[in-house]
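Working notes for the structure below.
Protein chains: 2
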Amino acid sequence: MKLSPKWKAAVYSVCGLLGWLLASGNLAITFAEEPRVTVVAADPLPSWNTGPARQSVIDFVARVTQVDSPDFVPVAERIAVFDNDGTLWPENPVPFQAAYVFDELKRRAPKEPRLAEDPMVQAALAGNLAKLLEGEHHDGLMRIAALTHTGMTTDEFKSSVEAWLASARHPKFDTPYDQLTYQPMQELLRYLRSNGFKTFIVSGGGADFMRVWAERVYGIPPEQVVGSSARTKFELRDSGPVLVKTLDHLFVDDKGGKPVGIHQFIGRRPIACFGNSDGDLAMLQYTTIKNPRPSLGLIVHHTDAEREYAYDAKPKSSGKLVDALTEATQRGWTVVSMKDDWKTIFPSKN
Amino acid sequence: MKLSPKWKAAVYSVCGLLGWLLASGNLAITFAEEPRVTVVAADPLPSWNTGPARQSVIDFVARVTQVDSPDFVPVAERIAVFDNDGTLWPENPVPFQAAYVFDELKRRAPKEPRLAEDPMVQAALAGNLAKLLEGEHHDGLMRIAALTHTGMTTDEFKSSVEAWLASARHPKFDTPYDQLTYQPMQELLRYLRSNGFKTFIVSGGGADFMRVWAERVYGIPPEQVVGSSARTKFELRDSGPVLVKTLDHLFVDDKGGKPVGIHQFIGRRPIACFGNSDGDLAMLQYTTIKNPRPSLGLIVHHTDAEREYAYDAKPKSSGKLVDALTEATQRGWTVVSMKDDWKTIFPSKN
Numbered sequence: 281m282k283l284s285p286k287w288k289a290a291v292y293s294v295c296g297l298l299g300w301l302l303a304s305g306n307l308a309i310t311f312a313e314e315p316r317v318t319v320v321a322a323d324p325l326p327s328w329n330t331g332p333a334r335q336s337v338i339d340f341v342a343r344v345t346q347v348d349s350p351d352f353v354p355v356a357e358r359i360a361v362f363d364n365d366g367t368l369w370p371e372n373p374v375p376f377q378a379a380y381v382f383d384e385l386k387r388r389a390p391k392e393p394r395l396a397e398d399p400m401v402q403a404a405l406a407g408n409l410a411k412l413l414e415g416e417h418h419d420g421l422m423r424i425a426a427l428t429h430t431g432m433t434t435d436e437f438k439s440s441v442e443a444w445l446a447s448a449r450h451p452k453f454d455t456p457y458d459q460l461t462y463q464p465m466q467e468l469l470r471y472l473r474s475n476g477f478k479t480f481i482v483s484g485g486g487a488d489f490m491r492v493w494a495e496r497v498y499g500i501p502p503e504q505v506v507g508s509s510a511r512t513k514f515e516l517r518d519s520g521p522v523l524v525k526t527l528d529h530l531f532v533d534d535k536g537g538k539p540v541g542i543h544q545f546i547g548r549r550p551i552a553c554f555g556n557s558d559g560d561l562a563m564l565q566y567t568t569i570k571n572p573r574p575s576l577g578l579i580v581h582h583t584d585a586e587r588e589y590a591y592d593a594k595p596k597s598s599g600k601l602v603d604a605l606t607e608a609t610q611r612g613w614t615v616v617s618m619k620d621d622w623k624t625i626f627p628s629k630n
Numbered sequence: 281m282k283l284s285p286k287w288k289a290a291v292y293s294v295c296g297l298l299g300w301l302l303a304s305g306n307l308a309i310t311f312a313e314e315p316r317v318t319v320v321a322a323d324p325l326p327s328w329n330t331g332p333a334r335q336s337v338i339d340f341v342a343r344v345t346q347v348d349s350p351d352f353v354p355v356a357e358r359i360a361v362f363d364n365d366g367t368l369w370p371e372n373p374v375p376f377q378a379a380y381v382f383d384e385l386k387r388r389a390p391k392e393p394r395l396a397e398d399p400m401v402q403a404a405l406a407g408n409l410a411k412l413l414e415g416e417h418h419d420g421l422m423r424i425a426a427l428t429h430t431g432m433t434t435d436e437f438k439s440s441v442e443a444w445l446a447s448a449r450h451p452k453f454d455t456p457y458d459q460l461t462y463q464p465m466q467e468l469l470r471y472l473r474s475n476g477f478k479t480f481i482v483s484g485g486g487a488d489f490m491r492v493w494a495e496r497v498y499g500i501p502p503e504q505v506v507g508s509s510a511r512t513k514f515e516l517r518d519s520g521p522v523l524v525k526t527l528d529h530l531f532v533d534d535k536g537g538k539p540v541g542i543h544q545f546i547g548r549r550p551i552a553c554f555g556n557s558d559g560d561l562a563m564l565q566y567t568t569i570k571n572p573r574p575s576l577g578l579i580v581h582h583t584d585a586e587r588e589y590a591y592d593a594k595p596k597s598s599g600k601l602v603d604a605l606t607e608a609t610q611r612g613w614t615v616v617s618m619k620d621d622w623k624t625i626f627p628s629k630n
């Protein structure tokens, strides 16, 4: 076939126009193939099973981020607080910080007679966990925590935690502790951050302990880690300025202490709160009850004895979940059953 | 002129191609005009006079942000801490929070006999500032601060500060207090943030007091305000959850307390520190001495009796700058003379 010059000109100019339209984004061409490829937004929560728990999170995020919604929340106020032990990683057979403490005592006691004489150290080395957990704030545990967390500089403590993380392995999963975070919660942290949320840890665990690895492991920087803490002491040594860890003004960031810690360290009321035990009840209440902003409360319920642990209904468990679970229905908090709502628990090892 | 059909086709297709290139961003056309417009980066510090103080800041920022520099500091570690009173806004004739306290006492004393009987309240109402400033931590001032800062919920306190800011005016400048920030320091805050720094206040002032307005006035969110603080008490009332302000575990964020506060609230060593008095000496040391990262220490020296105040060399002044000024030379800290280094002190009112 031979085109007349007029037709040629028309074809050239139409092709040019098409090129412009395509490049400018004013026109898109799709090619149908078998099987037809449909591009959809990547699932932000691939480790979550479809169901009301997952949906409640997605609905909440949509609600507060949609600019023309009456429930829109400005980015600056999108504060999300996460408990750590039992919410972002396991707390069995003992909270991981307690495992650090036991390992430190084992390492140090043979060399330090005064340490070895302490009754709580002896209870710890004998594996007498019940004795350590006595009292409302687990006084024995706090005592041996203090013995292993004070008297050194903050830098020395950090090095000690790093050395432990590099060598210790979880007894059940035979994996370094910092590789045992919950994959669905990691996805949730990223999902919230990609929607303008600022994610904070608010945990009974030690702030100095968590800050060593929270940025690497969760993407949460030290200044967004609220935990139990005590005052340090500033000293200007020949080697440079140091902060020496003490027990003064111990702040236990648990139960009613959690809203207190949130106010003191964050200074804003959260709109989303994630916990797993009665220790998180107060911060769930603080986040969701009569909050002028829309809010989300979510509880991770440990129901999977096979893939993780099922323990939280036990009234004597350190991760006891009784009062908060009862209140969840009344308050409209989301309860996540790890067994049913999570496709996977831990990141895959490949 | 009449084009042959071949030429027409060529012109059409070339036009089409140009359209595509332009729309796709592969080609840009610039039009030279008289006078030729040269775009230069806007001066980030227009209220600063050219000189070593301004230059030291610009050199430092260039040094830590240049990717191929051995002194490059990752964004996450670009922590800058600012004292507030005397560094970001004035502290004369009294620190502004003290002005709030005096005004509150004046307002409340006639209605509250117990308050009116307190010797420190009487000293305050009589204008006996010397008595209030006695003791290392200005005990009288702390006492009346406590009387006006505890026993109410955090929300009630916030409302009270907002009401005061809306009505009170500075005695010398006849301007609302929150409009009296230093323009050159506002520029510095923005300049650092635009270079990836996270800016924190680390002040002896009350955290709850500063958080009411710091975000609006400085662009510094509540979670980046470290100040003096005490623990609140969580209560779940019929009206909703509240935090009641108490005096328990008072933390005075001054002198050696500043590095302590930085560690407890930020958990990272700053690389830039801005202060104006001996109360900032410890955090200047903590930031700059043997820091493995490059660091900047800067002191705002109050030398301008006409446009602001010249007071900091007086050994009894609450904003005393003696030891830190002596140490500045040895440590290589930048000293800003407000009189010489700042073109303007306050934002223009138009």
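Going down the list, the protein sequences come from chains V and G. Numbering-wise (my numbering), the first sequence opens with residue 281 and increments by one. Numbering-wise (my numbering), the second sequence opens with residue 281 and increments by one. We put the beta carbon where it would ideally sit given N, CA and C, even for glycine.
Same chain, Cβ closer than 6 Å to F376/V, five either side skipped, listed in chain order: Y457
Quick check: the Cα distance between T567/G and S519/V, rounded to an integer number of angstroms? 14 Å
Which of helix, strand or coil DSSP assigns to Y537/V: One detail in the question is off: residue 537/V reads as Gly in this sequence, not Tyr. Looking at G537/V - three-state DSSP - the assignment turns out to be helix.
On a CA-only basis, which of A443/V, D488/V and G366/V is nearest D560/V? Give me that one, please. G366/V
Just tell me which of L395/G, V353/G and I359/G has its CA closest to the CA of I542/G. I359/G
So, is V347/G buried or exposed, given that buried needs 16 or more other C-beta atoms within 10 angstroms? exposed
I'd like to confirm the pairing. Which residues does DSSP put opposite V240/G in its beta bridges? Because chain G here runs from 281 to 630, residue 240/G falls outside it and cannot be looked at.
In the DSSP output, what is K525/V paired with across the bridge? T512/V
E503/G and G547/V closer than 8 Å at C-beta: yes
Is the beta carbon of D365/V within less than 7 Å of some heavy atom of the ligand PLP? Of ligands this structure carries none, so the ligand PLP is not represented either.
Rounded to a whole number of angstroms, what is the C-alpha to C-alpha distance between S575/G and G484/G? 22 Å
Residue-level contact to chain V via CB, T433/G, 8 Å cutoff: no
Which residue from T455/V, Q402/V and Y380/V puts its Cα closest to that of P390/V? Q402/V
Between F514/V and chain G, is there a C-beta pair that is closer than 8 Å? yes
Against chain V, does Y566/G count as a neighbour if the rule is that its beta carbon must be under 8 Å from one of theirs? yes
With a 10 Å radius around its C-beta and 16 neighbouring C-beta atoms as the bar for buried, classify K452/V as buried or exposed. exposed
Would you mind reading off the limits of the beta strand (DSSP E) that contains S617/G? T614 to S617
Taking C-beta to C-beta, are L345/G and G476/G nearer than 8 Å? Note on identity: in this sequence residue 345/G is Thr, with Leu being the wrong assignment. Yes; because the gap between Cβ atoms is below 8 Å, this pair is in contact.
Given S440/G as reference, the closest of I338/G, V381/G, T624/G and M400/G once Cα atoms are compared: V381/G
In angstroms, rounded to a whole number, what distance separates the CA positions of S508/G and L530/G? 7 Å
Through-space distance from P627/V to A494/G, alpha-carbon basis: 40 Å
Use the C-beta contact count for E416/V: other C-beta atoms within 10 angstroms, 16 or more gives buried, fewer gives exposed. exposed
Which ranges does the beta strand (DSSP E) cover as unbroken runs of at least 3 residues, wholly within the stretch 382-454 of chain G, from first to last along the chain? none
Whole-angstrom Cβ separation of Y462/G and I625/G, contact assumed at under 8 Å? 6 Å
Assuming F480/G is part of the beta strand (DSSP E), what are its boundary residues? K478 to G486
6 Å Cβ shell around K538/V - same chain, five flanking residues per side excluded: V482, A562 and M563
What number of angstroms, rounded off, separates the C-alpha of L409/G from the C-alpha of H418/G? 10 Å
For K513/V and V532/G, the rounded distance between their alpha carbons: 13 Å
Using 8 Å as the limit for Cβ to Cβ distance, is V248/G near chain V? In the structure displayed, chain G extends from 281 to 630; residue 248/G sits before or after that span and is not available.
When we look at the beta-carbon of D488/V and count the other beta-carbons within 10 Å, is it buried (16 or more) or exposed? buried
Would you call the CB atoms of A604/G and I579/G closer than 8 Å? yes
For the candidate residues M422/V, K619/V and E467/V, whose alpha-carbon lies nearest to that of A585/V? K619/V
Going along the chain, which residues of the stretch 518-529 of chain G sit with their C-beta nearer than 8 Å to a C-beta in chain V? S519, G520, P521, L523 and H529
On the DSSP letters alone, give me the boundaries of the beta strand (DSSP E) that I338/V sits inside. No beta strand (DSSP E) contains I338/V, which is instead part of the alpha helix (DSSP H) from P332 to T345.
Specify, as a first and last residue, the run of the beta strand (DSSP E) that L578/G falls within. L576 to H581
Can you list, in chain order, the residues of its chain whose CB lies under 6 Å from that of E371/V, leaving out five sequence neighbours each side? D365 and G599
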